[in-house]
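Residue numbers (my numbering), protein chains in the order written: chain A, 1 to 451; chain B, 1 to 265; chain C, 1 to 233.
Reading through the structure tokens given below for one structure.
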């Protein structure tokens, strides 16, 4: 700028100096330098992004992968039908089973050549407090088969307690145990020996993926399966409500609605709805669906309805954008040979907009899948997901949780063993989201490749 | 001193396919077409020329009521096709558009096969009772559009895979497949190279025998080449209409003269 | 008329008009010179005139080249088209006018003896004056794009024809009076015919100017009398 004002006469084209293309002048050099700098900023920005992504992934994987492994002890239990029947008749049934476990554990340790002076009850601290219930559930479920095998020895894999598990995964140290009343160093010596003998092993934790939530003091039993089902039923509700309603609304608004102040207002409101915090939808759901319409609390149907409300604006906006992106020449072409507006829309515009609509819908679903706040308000809290739903209707109407709410629930519990599960839950959730995104890409490719 | 005027003064109502009387078109507050009256002859090509924004395309679109799709557009006056007012409330624009086909500026085949492109019109209008009838319609339409020889071996290839000129002829085939009486063409060659343009112009000349063709064009040379009559629009007004040779050699109106000789744009 | 948006087109057209004007001026000059040479028996002037006609032929070629170039590059329409087509025809007429003058000049050399009768020369000069006036007016009409003036020129051609007819009779009389005059008079008769043809070319030009300016054709059903006194329709 300054060189222009200082000597304006020399800048007029008539008196322009003859210059060589082979020498780069100062202005060009400055411009090129600015461009190089800008490119460098870009690279730095991307690098920061990639670094954080890597850090996040590393944190998630390093904290969460261990949730997919669980320490188990295999016990050989001699089936004694009379004893089992007696246990079933007593008042505190699991304690009888505990006695059976104690014996089996001591026998196992003897086999392994581990010497200890601890009592069975004390030794049992190494196992999950749910171990007895696990065996009893199996016995009750297969009672006829068990009776037939009276006197035989059956092998049961019983979960180790969360502290033993933590010790093996390096989460719990001997020093930390000094302050722990549940377990002491002697236990850990036994654990080390059992591991060396191969009696105590870490195996893949199907229960984490398929199981239900467990109470505060049994983190080793907690699984995300039930809330996964909860999420699944909610997504079904969202898909079957939000997709048709959203697409129909978009087609009407984009292709048929008269452009007037009223439709403008609707348009503005839809855009605004997309920006409303999800917790607002939660409180709306609580007020309308539960308090006014008396739908069951904590049920996936209500969660689905709330998430539908939340997803609709996203679907409508993306659908309208993809309808708008269809070139008007296609509409003209159809109208020009005498197609009605509806024929033009459904025969030509909609198929072309389909990839965009599907992508928008799946992105909307993914967003809904990861939503936590509104679910907390309608009572879909984590600890509810401790039972599987019975059948389809129950899946929609009985209380359940959803994956993100479950993760939140675990993250706020005191026991550090739950912390590991929260990270593990996040991995499961991310796998789901990744799958949905890949699905979106595949669908888009498939529809676009038609021509 | 007698002047011999080569102008024919015979453009009366008696031989007119399309008759517009005092047509006004408004876009919101804008008066886009001002009091246009014109007779368009059957079995002839009529060209609309004029600078951009002069209303020639707008007027063209009133003839098949494509302007209906624009909310703020309002049409007054009368447009008669075979003495029937197409703006009569009893007229369904969908039915009208089957009678008055349209070809657009940009070739706009549907992203479907060549066959489906041509078949779409007959299908939605129920013109074919069975597959073989439909095949017949498609073959004859493509033949009339001079495209049959080029595409007969790949009818099921996508229409969008053709060259620009072929696409435009496909669009013309699509338009004639519903056997219209009038074909409107809105700058049909503006996106084509000279060879493709020549092919489309040759096609227009052939189609003239059976159809009434109205073509909007920015190229005066094209109007001169393909049309029998030419109408010049300026600022929403029909300035002059007459035999093409007269319009391009000795126009009556100074505005026409200035426009065709390149004195204003 | 307003200028073209493309300025070089205007320049080409006005250069063309300039060439026509130059050709017209030259045609006037050599017609004048050829008749002067005839009247004064100036052989030198006659030779000069013949040489000058070459220049007119060159101009015609140049104009034709320019026309073709403009048609190829500008695709003229409307007034421009009429102007260009007319320019070609006018140039052709002017070239014919030049040929007529050349023909007269050649006869000067052929006669190679003084005119016997001053009377004859006066009649010829009068005819020439009229024809030249026609040519001059039509060139003015072309330069000023005046259709009315061009129409007047066409109308006035009848006068040239009338004077020519009377000169024709006069020459016939001379030939009948004295057969020795026949050679000279025959030459003079051809000269007079040439000058009458110049008038006709001026009329052609007038018709072209009229068409160029107005876009209409002048009707040709004006009274036209040939030298035999018969009406030619």
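From the three backbone atoms N, C-alpha and C, an ideal C-beta is built for every residue, glycine too.
Treat the numbers as computed from the prediction; the structure is a model and nothing was measured.
Residue 287 (chain A) sits in a helix when the DSSP states are folded into three classes. By the criterion of at least three beta-carbon pairs nearer than 8 Å, the segment 289-304 of chain A is not in contact with the segment 324-344 of chain A. Here the alpha carbon of residue 240 (chain B) sits roughly 53 Å from the alpha carbon of residue 245 (chain A). Cα atoms of residue 107 (chain C) and residue 60 (chain C): separation of roughly 24 Å, rounded to the nearest angstrom.
Per DSSP, the continuous beta strand (DSSP E) segment holding residue 241 (chain B) begins and ends at 237-243. About 5 Å separates the CB atoms of residue 184 (chain B) and residue 60 (chain B); that is less than 8 Å, so the two are in contact.
Residues of the segment 65-79 of chain B with a C-beta atom less than 8 Å from some C-beta of chain C do not occur. Contacts with chain B (Cβ-Cβ distance below 7 Å) from the segment 318-348 of chain A involve 329, 330, 332, 333, 335, 336, 337, 338, 339, 340, 343 and 348, listed in chain order.
Rounded to whole angstroms, the separation of the alpha carbons of residue 195 (chain C) and residue 207 (chain C) is 19 Å. Burial state of residue 66 (chain B) is buried, judged by a 10 Å Cβ sphere holding 16 or more other Cβ atoms.
Comparing C-alpha distances from residue 199 (chain B) to each of B:147, B:97 and B:99 shows the shortest one belongs to B:147. By DSSP's assignment, residue 78 (chain B) forms a beta bridge with B:21.
Straight-line spacing of the CA atoms in residue 225 (chain A) and residue 212 (chain A) works out to 6 Å.
Within 10 angstroms of the beta-carbon of residue 124 (chain B) lie 16 or more other beta-carbons, which makes it buried.
Around the beta carbon of residue 176 (chain C), a 10 Å sphere encloses fewer than 16 other beta carbons of the protein chains shown; the residue is thus reported as exposed. When only Cα atoms are considered, residue 165 (chain A) and residue 135 (chain A) end up about 19 Å apart. In summary, the residues of the segment 118-133 of chain B whose CB is separated from some CB of chain A by less than 9 Å are 120, 121, 124 and 125, in the order they occur in the chain. Put simply, the backbone Cα of residue 104 (chain B) is about 8 Å away from that of residue 333 (chain A). Scanning its chain for C-beta atoms nearer than 8 Å, with the 5 sequence neighbours on each side dropped, one finds around residue 147 (chain C) the residues 141, 209, 210, 213 and 214, in chain order. For residue 352 (chain A), the neighbours in chain B by C-beta distance under 8 Å run, in chain order, 111. With its beta carbon at least 9 Å from every one in chain B, residue 156 (chain C) lies outside the interface. Around the beta carbon of residue 271 (chain A), fewer than 16 other beta carbons lie within 10 angstroms, which makes this residue exposed. When rounded, the separation of the alpha-carbon atoms in residue 242 (chain B) and residue 230 (chain B) is 6 Å. In the structure shown, residue 42 (chain B) falls within a coil segment according to DSSP collapsed to helix, strand and coil. Residue 378 (chain A) is classed as buried because its beta carbon has at least 16 other beta carbons within 10 Å across all chains shown. For residue 202 (chain C), the closest of C:190, C:14 and C:161 by C-alpha to C-alpha distance is C:161. At a cut-off of 9 Å between C-beta atoms, residue 258 (chain A) counts as an interface residue with respect to chain B.
Under a criterion of Cβ atoms nearer than 8 Å, no residue of chain C is adjacent to residue 89 (chain B); the nearest Cβ is some 43 Å distant.
Residue 294 (chain A) sits exposed, since fewer than 16 C-beta atoms from the chains shown fall within 10 Å of its C-beta. For residue 178 (chain C), there are no C-beta contacts with chain B under 8 Å, since the nearest C-beta of that chain is about 45 Å from it. Contact check for residue 423 (chain A) against residue 59 (chain A) passes: the beta carbons are separated by less than 9 Å. Nearest Cα to residue 216 (chain A) within the set A:315, A:128 and A:191: A:128. Against chain A, a Cβ distance below 9 Å from residue 182 (chain B) picks out nothing, because the smallest value is about 12 Å. Within the segment 55-121 of chain B, the runs of alpha helix (DSSP H) at least 4 residues long that lie entirely inside it are, in chain order, 56-63 and 93-99.
For residue 69 (chain A), the enclosing beta strand (DSSP E) starts and ends at 69-78. When the beta-carbon positions are compared, residue 124 (chain A) and residue 101 (chain A) come within less than 9 Å of each other.
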